[in-house]
Amino acid sequence: PPPSMPADMTMLADHTARQLLDFSQKLDINLLDNVVNSMYYDVGSQQRLAQEVLTNLKDHPDAWTRVDTILEFSQNMKTKYYALQILETVIKTRWKILPRNQCDGEGLYDFSLNIRKCTNNRHLSLSTGIKKYVVGLIIKTSSDSNSVEKEGVYIAKLNMILVQILKQEWPKHWPTFISDIVGASRTSESLCQNNMIILKLLSEEVFDFSSGQMTQVKAKHLKDSMCNEFSQIFQLCQFVMENSQNAPLVQATLETLLRFLNWIPLGYIFETKLISTLVYKFLNVPMFRNVTLKCLTEIAGVSVSQYEEQFVNLFTLTMMQLKQVHVRVMEAGYLTNFIQNKSDISALNSILHINYYNFKTQIELCMYALHYMLLVSEVEETEIFKICLEYWNHLAAELYRESPFSTSTSPLLSTSQHFDVPPRRHLYLPVLSKVRLLMVSRMAKPEEVLVVENDQGEVVREFMKDTDSINLYKNMRETLVYLTHLDYADTERIMTEKLHNQVNGTEWSWRNLNTLCWAIGSISGAMHEEDEKRFLVTVIKDLLGLCEQKRGKDNKAIIASNIMYIVGQYPRFLRAHWKFLKTVVNKLFEFMHETHDGVQDMACDTFIKIAQKCRRHFVQVQVGEVMPFIDEILNNINTIICDLQPQQVHTFYEAVGYMIGAQTDQTVQERLIEKYMLLPNQVWDSIIQQATKNVDILKDPETVRQLGSILKTNVRACKAVGHPFVLQLGRIYLDMLNVYKCLSENISSAIQSNGEMVTKQPLIRSMRTVKRETLKLISGWVSRSNDPQMVGENFVPPLLEAVLIDYQRNVPAAREPEVLSTMATIVNKLGAHITGEIPKIFDAVFECTLDMINKNFEEFPEHRTHFFYLLQAVNSQCFPAFLSIPPAQFKLVLDSIIWAFKHTMRNVADTGLQVLFTMLQNIAQEEGAAQSFYQTYFCDILQHIFSVVTDTSHTAGLTMHASILAYMFNLVEEGKISVTLNAGTTSNNQSYVQEYVASLLKTAFPHLQDAQVKVFVTGLFSLNQDIPAFKEHLRDFLVQIKVCHFLPARLTFHNINGFYTCRVENALLSQ
């Protein structure tokens, strides 16, 4: 429920609330509490006023000086949290410019004295310095266990603020921090518990989240410092684990230790008593088992050969302890309830991973662990099963890779041992057989299956793809394929037995049949061809018999969907057995008349899958046949599709198109295409004839709907047939463009009469569908054509005439984005053949589209995307066209590219950057135009790129930003820009660009010191041939611009991590 409004809240008056911003007055704590409450509980204008006042107060440079007053006198925890946010902001952004006495306070810092002061309830004030004040608050609050529990969120924020201070101060200005916090931890268990949390946070900030938050040099120095002083922290952790009886403290210590394990020197793990302490002391304690297992999992994930014996010991100790727990659990009979904590299984998974190659030394324990993993795998909990599956996949893959070509027969089916089975695989045989049974019994639903049983037990068509189930299926399929390679005979035995139990009814259920058939379909290709043939004939025969045996439409629908799924998964078998393939396809045609939900969809989807994988077999005369099967299909096409819905007809036509596309004899292929398109062409011709007599027929809703459906059929057919579809396209092309123009006029007329809202009406939407499908058909064929000259001479001119003027004249809401995508496709396909038409295309679509999308970043998203794809296509394929357009239009092009890479839509911004990079590379090849381009636009482009580099909302594009900037600075450094970039100066270009960028950055970020800017600009030149280093240099600078600095200005140069860089002396630890 929403929080209730405090009883003492009053209405805020504007002038009253703004008194908080007057720093000449004493702070009114009650008023501040009221404003904060209004922010949380009010709505509308009152909340907006409160938000504005609090934001302005937080941004005030002196606001932090009032934090101690707020924390001492406010009784509102939300107000206190707000005060801490003010303090945190100051520490993050302005610490470097605060006087040292405000950071530290006067005199030497004495941690022990601070503890005594705080525990004696001495008054705390910021006048002692921020660092002492924060430490004092933490000690005062966390020394009392009741306060720790009661004010958890408040203390957590204080801890985070201290960590922010440490990132600024430690180790340079606070070299004794580690010894201070370790020493203080021994004075109080409650304080020690909180100090563990602080150390954990510090570890996370330094080792996990340092990228983009601090410079590389600073992060490296902090990591080195933490490693160097870790012995004191480790001793504290050991002391707590060995001596403390305080459960929350031990829990905090274990969680802190967990954060250390991925970076501490390995000797602390393997050359101390750490592992035995974790296993013997904490693994069997329920409240510590979770975090202990996480620690052991982290240790198990370390890859280092020198501690192999310790890894075996880790496995042995852990499994012996877990065995005791699991025996008790299983004896008590509550395994399912016990396994609610997935870390338990994750740890077992990791431990089994590390012991794979030590199996022989620990056979009994390994077998126990595998047995337990099997029991856990049978628990009906998907997330736990996924963890188990990860291990079974790993195990099966490793065993297969050890000996992939060994004979795959099952010793389990024989009384004598097969000597060709590798020894390790032989040890795992009993377990692997049970895992196969498990995979077959629990196989997830594949993507192709559309007929499913819903939660109510009804058989329905699935409309939404279950991506989680599809991913699970892929992982299970991969595992079962490995298991089948290891022993296909055992896989076949399990599947055959389970299928027999479906037929005889002992295991009959929809779920059991589904999982079995999905498993059978999943192992396609994993058996030898002869074994696959024998197995599949048995499966299909039994399933067809089952379909005859069962009564009821639901039963038959489930069985039919499984038959269709399996036959679609075995194209190798179908290609080798024509009669079976023909029988299967005829059965699919029968299913296309079955009206049960989902069956027709699945029949069409299976048909297209088979058509794609067996296409050539349908256009050849097979043994025992008098004609190719494609002719039979085309002769009966009307009968086959008579019960299908329009979208199913489109799928059917695409499937047949793949067959026709496989015909290599052009004459025969042309005859097939004519016959193939006969039905849609009859309807098309009829409509065109009527329109010739009376054009108003194109305003009839049913006629327009038919046109849309016919064009969709053509689009799908063209997709499958490819370039030869030119025969059909040429037949309808000019009529289709005339229809396009006529419908455009109808739409424009309707908009003039009724306004833009008319575009939402069904008839207008249907007309626009016809236009879009026309463009899709042309675009689809052009992308598959193989004669660009023929396309350019015969198809492009009438298209441009019909489409471009219509696009330019239409109101924005009626412009089809497919016009832009079609133009992009034509440019990409025709390349230089279309260069002469680019100015015409640009005249029609460029400025009017730009005017649609440059008002904001939200409207017309499809037009935006396709517009920049068109720019990208012209830039890549017809770059000389850019050089032939007028300068004003070229500037508009460049402005649009700049607009693109500043865009909030990620795909548009990425396209803009790619277009710019390609343009810079292309222009460099045109020596005549390049120098003029550089003189006019180079510095402007630099400025705009830096504007997005320093914009946090564009951080995702940093790699591309680095590539472009590095390229541009390299052009300058290598003297490839021969013209003077600034006509008003005599300095060379490199000096000028250095000064220009430095001035640009100083203007944008006046808090930066000259030395920092100089270091950064120098690095832009020295690192421009090493993109990763250049990118990290940019990232370091982005860290610096967030912080105000006061730094010395003496430069030094040195080598870090193998690349050349520079820094400010004594400032490297301050970033």
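Numbering of the sequence shown is given in my numbering, commencing with residue -1 and proceeding in unit increments.
Ideal placement from N, C-alpha and C gives every residue a C-beta, glycine not left out.
Pair within 7 Å by beta-carbon distance, residue i and residue j
{"i": "Thr513", "j": "Met437", "result": "no"}
{"i": "Cys740", "j": "Leu677", "result": "no"}
{"i": "Val1011", "j": "Leu999", "result": "yes"}
{"i": "Pro420", "j": "Ser401", "result": "yes"}
{"i": "Phe944", "j": "Phe1019", "result": "no"}
{"i": "Gln875", "j": "Gly829", "result": "yes"}
{"i": "Leu642", "j": "Lys673", "result": "no"}
{"i": "Met821", "j": "Ile839", "result": "yes"}
{"i": "Val277", "j": "Gln319", "result": "yes"}
{"i": "Phe627", "j": "Phe616", "result": "yes"}
{"i": "Val501", "j": "Asp540", "result": "yes"}
{"i": "Lys900", "j": "Val946", "result": "yes"}
Spatial neighbours of residue i in its chain, beta-carbon cut-off 6 Å, leaving aside the 5 residues before and after
{"i": "Trp576", "result": "Gln620"}
{"i": "Ser36", "result": "Leu10, Gln44, Ala48"}
{"i": "Val88", "result": "Trp62"}
{"i": "Glu379", "result": "none"}
{"i": "Leu425", "result": "none"}
{"i": "Val429", "result": "Leu368"}
Residues near residue i in its chain [Cβ-Cβ closer than 7 Å; skip 5 each side]
{"i": "Ser781", "result": "Thr823, Lys827"}
{"i": "Ser140", "result": "Val146, Ile153, Ser188, Leu189, Asn192"}
{"i": "Ala960", "result": "Ile1025, Phe1028, Lys1029, Leu1032"}
{"i": "Gly778", "result": "Val713, Cys716, Lys717"}
Where residue i falls, given that 16 or more other Cβ within 10 Å makes a residue buried
{"i": "His861", "result": "buried"}
{"i": "Phe268", "result": "buried"}
{"i": "Met285", "result": "exposed"}
{"i": "Arg98", "result": "exposed"}
{"i": "Met474", "result": "buried"}
{"i": "Met371", "result": "buried"}
{"i": "Ser930", "result": "exposed"}
{"i": "Gln214", "result": "buried"}
{"i": "Phe1044", "result": "No answer about Phe1044 holds up, because its pLDDT of 45 lies below 50 and its placement is not dependable."}
{"i": "Asn74", "result": "buried"}
{"i": "Pro699", "result": "exposed"}
{"i": "Asp949", "result": "exposed"}
{"i": "Glu490", "result": "buried"}
{"i": "Asn584", "result": "exposed"}
Contact test: residue i Cβ vs the ligand GTP heavy atom, cutoff 6 Å
{"i": "Gln233", "result": "Ligands displayed in this structure: none; no statement on the ligand GTP is therefore possible."}
Inter-residue Cα distance where the pair is residue i and residue j
{"i": "Leu82", "j": "Leu247", "result": "26 Å"}
{"i": "Asp599", "j": "Val654", "result": "16 Å"}
{"i": "Ala61", "j": "Ile95", "result": "15 Å"}
{"i": "Thr649", "j": "Leu818", "result": "27 Å"}
{"i": "Ser520", "j": "Ala907", "result": "41 Å"}
{"i": "Lys321", "j": "Asn311", "result": "15 Å"}
{"i": "Val1013", "j": "Leu1006", "result": "11 Å"}
{"i": "Ser746", "j": "Arg766", "result": "11 Å"}
{"i": "Tyr656", "j": "Arg613", "result": "6 Å"}
{"i": "Val724", "j": "Thr909", "result": "32 Å"}
{"i": "Ala660", "j": "Lys611", "result": "11 Å"}
{"i": "Thr413", "j": "Val433", "result": "With a pLDDT of only 40 at Thr413, under the threshold of 50, the placement of this residue in the model should not be trusted; the figure read from the coordinates follows. Distance between the alpha carbons of Thr413 and Val433 is about 21 Å."}
{"i": "Glu104", "j": "Ala217", "result": "Note that Glu104 scores a pLDDT of 47, beneath 50, so its modelled location is shaky and nothing firm can be said."}
{"i": "Ile361", "j": "Trp390", "result": "17 Å"}
{"i": "Asp893", "j": "Pro760", "result": "38 Å"}
{"i": "Ala1009", "j": "Ala996", "result": "10 Å"}
{"i": "Ser229", "j": "Asp464", "result": "50 Å"}
{"i": "Ser951", "j": "Asn54", "result": "23 Å"}
{"i": "Pro33", "j": "Ser72", "result": "The sequence given here has Val at residue 33, not Pro. Their Cα atoms are separated by approximately 12 Å."}
8 Å CB neighbourhood of residue i in its chain, flanking five on each side removed
{"i": "His58", "result": "Leu19, Phe21"}
{"i": "Lys90", "result": "Gln162, Lys1040, Val1041"}
{"i": "Glu296", "result": "Leu256, Leu259, Asn260"}
{"i": "Ile962", "result": "Leu911, Leu914, Phe915, Leu918, Ile943"}
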